[in-house]
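Letter by letter, the sequence shown follows residues 1 to 343 of the working numbering.
Please read the structure below before turning to the comments.
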Amino acid sequence: MRLFLFSPPTPACYHHQQQQHYSSFYSPFLHPKRRRSRWRKTVMASTSHTPAPAHSKKDKLVVIMGATGTGKSGLSIDLATRFFPSEIINSDKMQVYKGLDITTNKIPSHKRHNVPHHLLGEFVPDDVEFTPDDFRLQADNAISDIISRKKTPLLVGGSNSFIYSLLVQEYDRGLSVFDDRFDSDSVSSSLRYNCCFLWVDSSLQLLYDYLNKRVDDMLESGMFEELAEFFDSDRMRNNNSVSLGVGLLKAIGVPEFERYFKMYPPASVEVKGEWDPVRRGVYQEARQIDKILKLERAGWDLRRLDATTAFRMLVNGDQEWRCVWERQVVEPSVKIVKRFLDE
Numbered sequence: 001m002r003l004f005l006f007s008p009p010t011p012a013c014y015h016h017q018q019q020q021h022y023s024s025f026y027s028p029f030l031h032p033k034r035r036r037s038r039w040r041k042t043v044m045a046s047t048s049h050t051p052a053p054a055h056s057k058k059d060k061l062v063v064i065m066g067a068t069g070t071g072k073s074g075l076s077i078d079l080a081t082r083f084f085p086s087e088i089i090n091s092d093k094m095q096v097y098k099g100l101d102i103t104t105n106k107i108p109s110h111k112r113h114n115v116p117h118h119l120l121g122e123f124v125p126d127d128v129e130f131t132p133d134d135f136r137l138q139a140d141n142a143i144s145d146i147i148s149r150k151k152t153p154l155l156v157g158g159s160n161s162f163i164y165s166l167l168v169q170e171y172d173r174g175l176s177v178f179d180d181r182f183d184s185d186s187v188s189s190s191l192r193y194n195c196c197f198l199w200v201d202s203s204l205q206l207l208y209d210y211l212n213k214r215v216d217d218m219l220e221s222g223m224f225e226e227l228a229e230f231f232d233s234d235r236m237r238n239n240n241s242v243s244l245g246v247g248l249l250k251a252i253g254v255p256e257f258e259r260y261f262k263m264y265p266p267a268s269v270e271v272k273g274e275w276d277p278v279r280r281g282v283y284q285e286a287r288q289i290d291k292i293l294k295l296e297r298a299g300w301d302l303r304r305l306d307a308t309t310a311f312r313m314l315v316n317g318d319q320e321w322r323c324v325w326e327r328q329v330v331e332p333s334v335k336i337v338k339r340f341l342d343e
């Protein structure tokens, strides 16, 4: 079961630093004409490998990685509003779909600070999966478009299968490199972009404590009502794909919620039931660290940013966590990226 949680709020101690950068870099963003995959109508033709487009010189790409809830989206906004013009490409496999904004934890428009976002809520979920192949094509289009306008692309998200499919020179869709059956030798270290990897990390137990509180916050923000409306829609009542767990349906633990709303019709639900299965799914999602470590062992140059102290303070209700996040995560990230872009 997949569930996506709010990232830590933006630290107040540097709001004043951001304001001076917004108007300098961003104007209303008009999407140019792009190549479109046909994922919504047909399954893409299968070949064993997807070759990389020809790039005479490797384009620079900043990649922000980390487990669920570690603040990747917030960090991307911090970077995009400081010192260099940037645009953000979402690489979360559930957030590419339109709908269920609370459940999938899409960053709200008012928190984007006019930073253009790509592949975020753009695709209407239907009976065909948005695959790593589709992401490879669509994200490459977005990167080329951003670079053509002299801006820096920031790839942000927690779907390591999407990130891997985009970055490697040759992507073999038949090889599940993150499967436990394969070691790091199966992971390609030949990348088609010049990447700067930022890995936001935290103690797993502290992250569990934080995520547990976030489930309650999401419920208070209307997640349950959002799911009830989703399951009560004409589309869901008439859609036979629910049992297949296709697309956006994977984000919400379909078997559990489908059975729940069959027992208690959404229009009449008053008691919201037990959410222990949701919390267990959240904890499982936080263990993406194993996949990230596999990439590091394969030779990917990941720059680890330790957010443990900030999370400990946050869980304990210490408001000074915001400035610790700024000092231990944001400032080092800015220095790393500036050095990377100046090379």
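For every residue, glycine included, the Cβ atom is placed at its ideal position computed from N, Cα and C.
Using the Cα positions of R157 and W300, report the straight-line distance between them to the nearest angstrom.
According to the sequence as given, residue 157 is Gly; it is not Arg. One C-alpha to the other measures close to 17 Å.
In three-state terms, what does DSSP make of E87?
strand
Any alpha helix (DSSP H) of 4 or more consecutive residues that is wholly inside the segment 150-200:
160-167
Among the residues of its own chain, which have a CB less than 6 Å from the CB of D209, if the five just before and after it don't count?
V315
Taking the alpha-carbon positions, what's the N141 to L227 distance?
32 Å
Would you list the residues sitting across from D306 in a DSSP beta bridge?
D201
Could you tell me the distance, in whole angstroms, from the CA atom of E170 to the CA atom of D185?
15 Å
Just to confirm the assignment: which complete beta strand (DSSP E) runs, minimum length 3, are found wholly within the segment 73-141?
86-90
Tell me the DSSP bridge mates of I64?
V156, L198
Using DSSP with H/G/I as helix, E/B as strand and the rest coil, what is Q319?
coil
For the alpha helix (DSSP H) containing R297, name the first residue and the last one.
289-297
Exposure of K72, with buried meaning 16 or more beta-carbon neighbours within 10 Å
buried
Identify whether W325 lies in helix, strand or coil by the three-state DSSP scheme.
helix
Helix, strand or coil at K58 according to DSSP, with G and I counted as helix
coil
Residue range of the unbroken alpha helix (DSSP H) whose run includes E343
Segment: none, E343 is in no alpha helix (DSSP H) and carries neither H nor E.
Classification of V344 by the beta-carbon crowding that lies within 10 angstroms, buried from 16 upward:
The structure shown has nothing for residue 344, since the chain only spans 1 to 343.
Are D59 and I147 close, meaning C-beta to C-beta below 9 Å?
yes
Quick check: the Cα distance between E122 and K106, rounded to an integer number of angstroms?
12 Å
Find out if the Cβ-Cβ distance for the pair V200, A298 is shorter than 9 Å.
no
Are there 16 or more other CB atoms within 10 angstroms of the CB of K335, so buried, or fewer, so exposed?
exposed
Quick check: the Cα distance between I88 and G66, rounded to an integer number of angstroms?
16 Å
Between which two residues does the alpha helix (DSSP H) harbouring L227 extend?
223-231
Which residue's Cα is closest to the Cα of M313: Y193, L295, Q328, L302?
Q328
Would you identify the three-state DSSP class for G247, choosing helix, strand or coil?
helix
7 Å CB neighbourhood of F178 in its chain, flanking five on each side removed
N160, S161, K291, K294
How big is the Cα-Cα spacing for T131 and S91?
12 Å
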